[in-house]
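Take a look at the structure below.
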Amino acid sequence: MKSWQRYAGVVFLALAALVIQQSVWVLRLFDHGQPGSGFMPFGLGVILAILAICLIATNLGAEEQHVPFWEPKAWLRPLLAIFITSVYVVVFDDIGAITSVVVLVVCWLFFVERKGALVSAGTGVLTGLVVYLVFERFLQTPFPRGLLF
Amino acid sequence: MFDVAGLWLGFQIAFSPVNLLWGFIGCALGTAVGVLPGLGPAATIALLLPISMKMGSPVTAIILMSGIFYGAMYGGSTTSILLKIPGEAASVVTCVDGYEMARQGRAGPALGVAAIGSFIAGTIGLIGLTAMAPPLAEVALKFGPAEYFSLTVLGLLLATYLTGDSPLKGLTMAIMGLLLGSIGLDPLSGAVRFDFGVADLQSNIDFVTLAMGLFGVGEILISLEKSEAASILTTRIKNVFPTLADLARSGWAMVRGSVIGFFVGILPGGGAVLSSLVSYAVEKRVSKHPEAFGHGAIEGVAGPESANNAAASSSFIPLLTLGIPGNASTAMIFAALLIHGITPGPFLLKEHADVFWGVVASMYIGNVMLLVLNLPLVGIWVQLLRVPYAFMAPLIMVLTLVGVYSVNNSVFDIWVMLFMGILGYLARKLKFDLGPLLLAFVLGPIMERSLRQALLMSNGKFEIFVAKPISGALLGIAVLFVLYNLWAARKKTA
Chain A
1 MKSWQRYAGV
11 VFLALAALVI
21 QQSVWVLRLF
31 DHGQPGSGFM
41 PFGLGVILAI
51 LAICLIATNL
61 GAEEQHVPFW
71 EPKAWLRPLL
81 AIFITSVYVV
91 VFDDIGAITS
101 VVVLVVCWLF
111 FVERKGALVS
121 AGTGVLTGLV
131 VYLVFERFLQ
141 TPFPRGLLF
Chain B
1001 MFDVAGLWLG
1011 FQIAFSPVNL
1021 LWGFIGCALG
1031 TAVGVLPGLG
1041 PAATIALLLP
1051 ISMKMGSPVT
1061 AIILMSGIFY
1071 GAMYGGSTTS
1081 ILLKIPGEAA
1091 SVVTCVDGYE
1101 MARQGRAGPA
1111 LGVAAIGSFI
1121 AGTIGLIGLT
1131 AMAPPLAEVA
1141 LKFGPAEYFS
1151 LTVLGLLLAT
1161 YLTGDSPLKG
1171 LTMAIMGLLL
1181 GSIGLDPLSG
1191 AVRFDFGVAD
1201 LQSNIDFVTL
1211 AMGLFGVGEI
1221 LISLEKSEAA
1231 SILTTRIKNV
1241 FPTLADLARS
1251 GWAMVRGSVI
1261 GFFVGILPGG
1271 GAVLSSLVSY
1281 AVEKRVSKHP
1291 EAFGHGAIEG
1301 VAGPESANNA
1311 AASSSFIPLL
1321 TLGIPGNAST
1331 AMIFAALLIH
1341 GITPGPFLLK
1351 EHADVFWGVV
1361 ASMYIGNVML
1371 LVLNLPLVGI
1381 WVQLLRVPYA
1391 FMAPLIMVLT
1401 LVGVYSVNNS
1411 VFDIWVMLFM
1421 GILGYLARKL
1431 KFDLGPLLLA
1441 FVLGPIMERS
1451 LRQALLMSNG
1461 KFEIFVAKPI
1471 SGALLGIAVL
1481 FVLYNLWAAR
1491 KKTA
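Chains A and B supply the protein sequences, listed in that same order.
Quick note: the first sequence uses this note's numbering, first residue 1, plus one each step.
Quick note: the second sequence uses this note's numbering, first residue 1001, plus one each step.
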């Protein structure tokens, strides 16, 4: 896990560099002698850089006991869930909110949770109905209209 | 000492049928999320933020959310005692003796003592809140920008040091929260920061989007890594009402736990988790039979369970009087108040007495509701553990996705939430605590505005922060706190 902590430190260091660059070159550190919009981000960027260096420094060297970042195949289900959700967001405007909810739940249960087609479809339709009743009818959320609804 | 008129007004508000109903829903939901491992009160409040925005009255919305927060403290002990799986972080220590009691066939008294202790401590915490909040709000009225800046610095430092295992990681998360909070329009100059040409980023990241992503989506993704907790309960719970001997043994533990929880809960970052750990350590130290701890000592259940409930009540003191939330859940309540156009802080009591007293009174009522929900009805909550997480995960995901869209009707917000969810997932994997990030995100605008206003007042001189007595004292405490922790860490490694 130490190596992953070091990678995290490098990411934070890169972020700190970006924040400092933006604060100095894009925003204003001082405005008419007073702190400007880049003043606090600049300070935060400097602190973040120091913390990132400390994080890297405290995680140097070999690990006493190797701890894998992911157990074998443990990344698969979260990745599938992220993919299905991303597809949901992409089609949200086109096929409509309620239909996309049904598709999301069906795909999630079928592919991520490995449930049967009937159970997945039933739960998906039921969830779509509940979302329609609660959000569209009760809370009157203006959802995008789609192909079916 | 007590503002009786205020409290009377509060009870009139809290006893209205709508508020009673939402208070009950909040307590029941809180107990449910407390019982269910994985879904905490912060995530649940985040999920309900969009719905709360549709509620007409801010009092009702805050009553619902408070109910979830302190209700979770009640429910958290159930799985700790019966399954040795803490439903809530604040109930981790209850696993030790609570589960041992259950193994010895004494699950009933353990659950009973946890519920009674929670009720007593919650009530003591509320009495403290009722007594201390008004005078503290009076003092806070004297605070200027310098004092507020120092207070937020101290609050964030305490929160990062007292939560999580690594102050280094906690501070990094706090800085990340402050930076995320600075994306969009600068509140003072109106300049746009860190938008990188994306028009949607010019209007700041929405708190609901951030909270639902980090806590809702992040929690779901991490839970997908684990195989399903299939421990279907077979234990039959009998005699939830403890015997007189049990009560005699646990009485003082409840009182001590209440006092510890109350004071630790006021500290930013202190909260329920720390108070329960401190209480357990104290109980073990003062006990005539410390060797019994870890083998089913009832004091080991009564003390920590009382402490975490007292802490839940007292954590409302800095939120409602100073406008400084001390943990992730109160940060969500802070955001909910802002969404309803109410700024938590010293003026809350003067300008929105109905909100302040309504919420406080509802907590008294909620405590009684929770006692009923958790003593005779504990068996019903246990049945919740039979609901497979496989079905809950996509349903929670749908709630977050639809919920976050309903706030601004923006698909961009859903993308931001998903991105935050992935960040939350990775942060959990790398053992970065997300609480400081959320607190910093909430406190960031207050901190920056105070810093720049104070510097404006002093013509750019930083001495203002130490020249003003309250501000200087707060910064002094912050410096001493950091130095002490550095010294302690050095001593530990030496």
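Each residue gets a CB set at the ideal place from its N, CA and C atoms; glycine is no exception.
No experiment lies behind these values; they were computed from the predicted model shown.
Exposure of histidine 32 of chain A is indicated by the presence of fewer than 16 other C-beta atoms within 10 angstroms of its C-beta.
Under the 10 Å beta carbon count, methionine 1457 of chain B is surrounded by fewer than 16 other beta carbons and is classified as exposed. Interface annotation, asparagine 1409 of chain B: in contact with chain A, CB-CB separation under 8 Å. At the C-beta level, aspartate 1413 of chain B and valine 1402 of chain B stay beyond 8 Å of one another.
Using a Cβ-Cβ cut-off of 8 Å, lysine 115 of chain A counts as an interface residue toward chain B, since at least one Cβ of chain B sits closer than that to its own.
Among the residues of chain A, none has a CB under 8 Å from the CB of phenylalanine 1069 of chain B; the nearest is roughly 23 Å distant. Around the beta carbon of tryptophan 1022 of chain B, a 10 Å sphere encloses 16 or more other beta carbons of the protein chains shown; the residue is thus reported as buried.
For the stretch 81-105 of chain A, residues whose beta-carbon sits nearer than 8 Å to a beta-carbon of chain B comprise Ala81, Ile82, Thr85, Ser86, Tyr88, Val89, Phe92, Asp93, Ala97, Val101, Leu104, Val105. DSSP places phenylalanine 30 of chain A in the strand class (E or B) of the three-state scheme. The count of Cβ pairs closer than 8 Å, one atom from the stretch 1212-1224 of chain B and one from the stretch 1042-1049 of chain B, reaches three, so the stretches are in contact. Around the beta-carbon of isoleucine 1380 of chain B, fewer than 16 other beta-carbon atoms lie within 10 Å, marking it exposed. At least one C-beta of chain B is nearer than 8 Å to the C-beta of proline 78 of chain A.
Residues of chain B with a Cβ closer than 8 Å to the Cβ of glutamine 34 of chain A are, in chain order, Arg1452, Leu1455, Leu1456, Gly1460. The beta-carbon of valine 19 of chain A is placed less than 8 Å from the nearest beta-carbon of chain B. Among the residues facing chain B, tryptophan 4 of chain A is included, as its CB has a counterpart in that chain under 8 Å away. Closer than 8 Å to the CB of glutamine 65 of chain A there is not a single CB belonging to chain B.
Cβ proximity to chain A below 9 Å picks out Leu1171, Thr1172, Ile1175, Met1176, Leu1178, Leu1179, Ser1182 from the stretch 1170-1182 of chain B.
Neighbourhood of tryptophan 108 of chain A in chain B, by CB distance below 8 Å: Ala1393, Pro1394, Met1397, in chain order.
Counting C-beta atoms within 10 angstroms of its own C-beta, glutamate 1448 of chain B has 16 or more neighbours from the protein chains shown and is therefore classed as buried.
Here the alpha carbons of leucine 80 of chain A and isoleucine 1025 of chain B stand approximately 34 Å from one another. In this structure histidine 1340 of chain B touches proline 1058 of chain B by the C-beta definition: roughly 4 Å separates them, less than 8 Å. Between serine 1077 of chain B and chain A, the shortest Cβ-Cβ separation is not below 8 Å.
Per the coordinates, the alpha-carbon of arginine 137 of chain A lies some 54 Å from the alpha-carbon of glycine 1460 of chain B. Here DSSP, grouped into helix, strand and coil, assigns arginine 1106 of chain B to coil. For glutamate 63 of chain A, no alpha helix (DSSP H) run applies, since DSSP gives it neither H nor E. With contacts defined as CB atoms closer than 8 Å, isoleucine 1062 of chain B and valine 1355 of chain B qualify as a contacting pair. For leucine 1185 of chain B, the secondary structure class from DSSP, reduced to helix, strand or coil, is strand. Excluding its 5 nearest sequence neighbours in each direction, threonine 1060 of chain B has C-beta neighbours in its own chain below 8 Å: Val1018, Asn1019, Trp1022, listed in chain order. Around lysine 1429 of chain B, the beta-carbon contacts reaching into chain A at under 7 Å are Phe69. At a C-beta separation below 8 Å, leucine 1151 of chain B has no neighbours in chain A, since its nearest C-beta there lies roughly 16 Å away. By the CB criterion at 8 Å, threonine 1079 of chain B and leucine 1385 of chain B fall inside the cutoff. Chain-order list of chain A residues neighbouring alanine 1199 of chain B: empty, with the shortest C-beta distance near 16 Å, by a criterion of under 8 Å. Using a CB distance cut-off of 8 Å, leucine 129 of chain A does not count as an interface residue toward chain B. Under the three-state reduction of DSSP, valine 1387 of chain B is assigned to coil, being neither helix nor strand.
Listed in chain order, the alpha helix (DSSP H) runs fully inside the stretch 1373-1449 of chain B are 1378-1383, 1389-1408, 1411-1429, counting runs of at least 4 residues. Burial of aspartate 1246 of chain B is indicated by the presence of at least 16 other C-beta atoms within 10 angstroms of its C-beta.
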